[in-house]
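Each protein sequence line maps, in turn, to chains H and Y. Number 235 in the numbering used here belongs to position 235 of the first sequence; there are no gaps in the numbering. To convert, count from 1 in the second sequence and add 269; that's the numbering used here. Structure, as structure tokens:
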Amino acid sequence: MTMATDVQRELGQPSETGVSRIDLDGRRIVLGVVGLIGFVLLWWVGSLFQPSYVLPSPVAVAETFIAEASSGEMHAALGQSVRHWLPGAVVGTALGIAVGVSLAWSSLLDDLASPIVRLLRPVPPLALIGFAIAWFGINHTGAAFIVAVGAFWINFYASYGGVEGVSDDLLDVARSLDVKGDLALVRSVVLPAALPEILTGIRTGIGRSWMLVVAAEMFGVPGIGREILRASNNLQVDVVIAYILVLSLAFLLVDIAFRLVQRRVLVWR
Amino acid sequence: MAIDDGSTDDARLSVANVGKRYSGQQGPVQALEDVSFEIRPGEFVCVVGPSGSGKTTLFRIVGGLEEATTGNVSLNGDSVTGPHPDTGIVFQEYHLFPWRTVRANIAFGLERTDLPEAERERRVADLISLVGLSGFEDSYPKSLSGGMKQRVGLARALAMDPSLLLLDEPFGALDAQTKTRLQDELLDIWARTEKTVLFITHDVEEAVTLADRILVMDSDPGRIHDVVDVDLPRPRSRTDPEFGEYYERVLEGIRD
Chain H
1 MTMATDVQRE LGQPSETGVS RIDLDGRRIV LGVVGLIGFV LLWWVGSLFQ PSYVLPSPVA
61 VAETFIAEAS SGEMHAALGQ SVRHWLPGAV VGTALGIAVG VSLAWSSLLD DLASPIVRLL
121 RPVPPLALIG FAIAWFGINH TGAAFIVAVG AFWINFYASY GGVEGVSDDL LDVARSLDVK
181 GDLALVRSVV LPAALPEILT GIRTGIGRSW MLVVAAEMFG VPGIGREILR ASNNLQVDVV
241 IAYILVLSLA FLLVDIAFRL VQRRVLVWR
Chain Y
270 MAIDDGSTDD ARLSVANVGK RYSGQQGPVQ ALEDVSFEIR PGEFVCVVGP SGSGKTTLFR
330 IVGGLEEATT GNVSLNGDSV TGPHPDTGIV FQEYHLFPWR TVRANIAFGL ERTDLPEAER
390 ERRVADLISL VGLSGFEDSY PKSLSGGMKQ RVGLARALAM DPSLLLLDEP FGALDAQTKT
450 RLQDELLDIW ARTEKTVLFI THDVEEAVTL ADRILVMDSD PGRIHDVVDV DLPRPRSRTD
510 PEFGEYYERV LEGIRD
């Protein structure tokens, strides 16, 4: 049948990007490892000329890391931080997306809220620590609140931009196919079309949330942040670095997991 | 122009005294002025005109995507005030939903109907074979060529079984070979489904190849300048002298 060959012709040549992409990934991994080894070597050389309270050697840090990990203190601190991070990030992300999508979609809501948004947006989450303490106290909820504020704004702006970028033509198509009403249009077109931006927002927010967890805990809520502050006060730089490493690893794990989900969800891109 | 409203009983699409005025930066722009025509059920009508003749505005008004400043459009007796499920729309730039597979793009409109699942699946499968996309059901638009995307666009518009098919330069972005093939397929689909077709194009040859009747538009303000009935048997050959005569006549109409 001629049609089949036509369709095959139109589909074009199978691309070879699959192969070259694997090569490229391999190259990047090798170079990344080389960079990492170089960095640790530089650090080690630097530590030879400094007292350990200024820059401990990588070996000393590794020893401290293992000691802290095996004593169980590290697990406890990480567990506490997760109790701030998870609820804060989840609540802030959900609210940020909901508000961002609503304001970007409805010009009425947008006009109503825009002065408030402009007023509140420049406020750094940590400046709200007073409210956190007054409303929730120096505890898990207070720290989670700070994290939620930070996650909220990132997700608000990401989803707002995503929804604003949705093509009017796709909305026309949906209307011509009998989609009626705001809710139906948002569900069937706006959300899926804005999903890439929304997911990028979530991912950025996850990272920012880890930073805020540490900052919020420095006000005395138990967790990695308090451990870092305590060690800093005692000039135990090796402990500080060990806990920073925990933080990086925790972030890295969550980020990798999220990227896998992201790739899966956005196969169509 | 006097319009006899009584004559609309058997007209599937009736456009009466439609005008559209935009407020432009240098004062108001009259995109369309006093456009009137009727299309009978099953008729294939092309609108040709230079750019700026308000073709796309007319398309958007008939499709219910935009409101006319004056006049009235009605489809099967219903006044068109917004997008109408009885009108299937095909756009030049395809506008497929990139997050949906071929199958899911075509099924989009059906998801909101109360057709049983099995019936919906059967309809989508029929449409996929009608537009020659068997084997590509689970592909995403990004991996399709322009011609294939437009096949999906056509199938998606046909899914709701509309009585009017409204197309805005649907093959304008395709290479010549693909364009000719899709024109033939569209005629084939039209003959099989007996849809009424309003097809907007700037390509005179395309209009003469496809249409029962050609509305020639004029620019500034956009209005219907000439109406040409194409009385040629199908399939039409571009090398036929009569084809050439129609081609010249339509082209004259545009140049005047």
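We put the CB at the ideal spot given by N, CA and C, even for glycine.
CB contact flag (residue i, residue j, <8 Å)
i, j, result
"G323(Y)", "P352(Y)", "no"
"R203(H)", "D168(H)", "no"
"T447(Y)", "G401(Y)", "no"
"F468(Y)", "L484(Y)", "no"
"H75(H)", "V147(H)", "no"
"R281(Y)", "L455(Y)", "no"
"L344(Y)", "T356(Y)", "yes"
"L86(H)", "A215(H)", "no"
"V241(Y)", "I493(Y)", "There is simply no residue 241(Y) to check, as chain Y begins at 270 and stops at 525 in what is shown."
"G96(H)", "I133(H)", "no"
"N374(Y)", "V421(Y)", "yes"
"G288(Y)", "T326(Y)", "no"
"A113(H)", "L103(H)", "yes"
"V488(Y)", "P297(Y)", "Here residue 488(Y) is Ser; the residue named in the question, Val, does not match the sequence. Against a cut-off of 8 Å, the Cβ pair of P297(Y) and S488(Y) comes out as no contact."
"W268(H)", "P367(Y)", "yes"
"D481(Y)", "V314(Y)", "yes"
"G100(H)", "S159(H)", "yes"
Assigned exposure category for residue i - 16 Cβ within 10 Å defines buried
i, result
"L131(H)", "Just to set this straight, residue 131(H) is Phe in the shown sequence, not Leu. Classification for F131(H): exposed."
"Q236(H)", "buried"
"P431(Y)", "buried"
"Q50(H)", "exposed"
"L253(H)", "exposed"
"L384(Y)", "exposed"
"T508(Y)", "exposed"
"G378(Y)", "buried"
"N234(H)", "exposed"
"W44(H)", "exposed"
"E197(H)", "buried"
"E388(Y)", "exposed"
"D270(H)", "Look at the range of chain H in this structure, 1 to 269, and you will see that residue 270(H) is not part of it."
"P115(H)", "exposed"
"K418(Y)", "buried"
"D182(H)", "exposed"
Cα-Cα separation between residue i and residue j, rounded to whole angstroms
i, j, result
"L451(Y)", "S107(H)", "41 Å"
"V30(H)", "V40(H)", "16 Å"
"L185(H)", "L171(H)", "7 Å"
"M218(H)", "I358(Y)", "60 Å"
"L78(H)", "W105(H)", "39 Å"
"V331(Y)", "V349(Y)", "7 Å"
"W135(H)", "G220(H)", "16 Å"
"A67(H)", "V90(H)", "32 Å"
"R290(Y)", "G207(H)", "51 Å"
"Y515(Y)", "E475(Y)", "12 Å"
"L443(Y)", "I397(Y)", "20 Å"
"M429(Y)", "R118(H)", "45 Å"
"L435(Y)", "A98(H)", "36 Å"
"G287(H)", "A242(H)", "Lying before the first or after the last residue shown, residue 287(H) is absent from chain H, which here runs from 1 to 269."
"R121(H)", "L128(H)", "12 Å"
"V213(H)", "Q80(H)", "10 Å"
"G32(H)", "S232(H)", "30 Å"
"T5(H)", "L247(H)", "In this prediction, T5(H) scores a pLDDT of 43, lower than 50, which makes its location untrustworthy; the coordinate-derived value is nonetheless stated afterwards. Near 56 Å, if we compare the C-alpha coordinates of L247(H) and T5(H)."
Cutoff 8 Å: residue i Cβ touching any chain Y Cβ
i, result
"R175(H)", "yes"
"D169(H)", "yes"
"D6(H)", "The pLDDT assigned to D6(H) is 47, lower than 50, so where the model puts this residue is not dependable, and the model offers no usable value."
"R192(H)", "Here residue 192(H) is Pro; the residue named in the question, Arg, does not match the sequence. Answer yes: the Cβ-Cβ gap between P192(H) and chain Y drops below 8 Å somewhere."
"E16(H)", "Because the pLDDT of E16(H) is 43, which lies under 50, any placement of that residue in the model is unreliable, and the number read from its coordinates should be weighed accordingly. No, its Cβ sits nowhere closer than 8 Å to a Cβ of chain Y."
"G12(H)", "With a pLDDT of only 45 at G12(H), under 50, the local geometry of the prediction cannot be trusted, and the value read off the model is given with reservation. Output row for G12(H): interface = yes."
Chain H within 8 Å of residue i, Cβ atoms only
i, result
"P433(Y)", "A quick correction: the sequence has Leu, not Pro, at residue 433(Y). So, not an interface residue."
"I330(Y)", "no"
"H494(Y)", "no"
Contacts that residue i makes with chain Y (C-beta to C-beta distance below 8 Å)
i, result
"V261(H)", "Neighbours of V261(H) on chain Y: none; closest Cβ ~15 Å, over 8 Å."
Neighbouring residues, chain Y, relative to residue i (Cβ below 9 Å)
i, result
"D178(H)", "P352, H353, P354, G378, R381, T382 and M429"
"R269(H)", "P367, W368, Y409 and K411"
Neighbour list for residue i in chain Y, Cβ cutoff strictly below 7 Å
i, result
"D172(H)", "L334"
Under 9 Å from the C-beta of residue i: neighbouring residues of chain H
i, result
"E406(Y)", "By Cβ distance, chain H contributes nothing, its closest Cβ being about 12 Å from E406(Y), past 9 Å."
"F360(Y)", "D169, D172 and V173"
"H364(Y)", "S167, D169, L170, D172 and V173"
Beta carbon proximity, residue i to chain C, threshold 8 Å
i, result
"V123(H)", "Any reference to chain C falls outside this structure, whose protein chains are H and Y."
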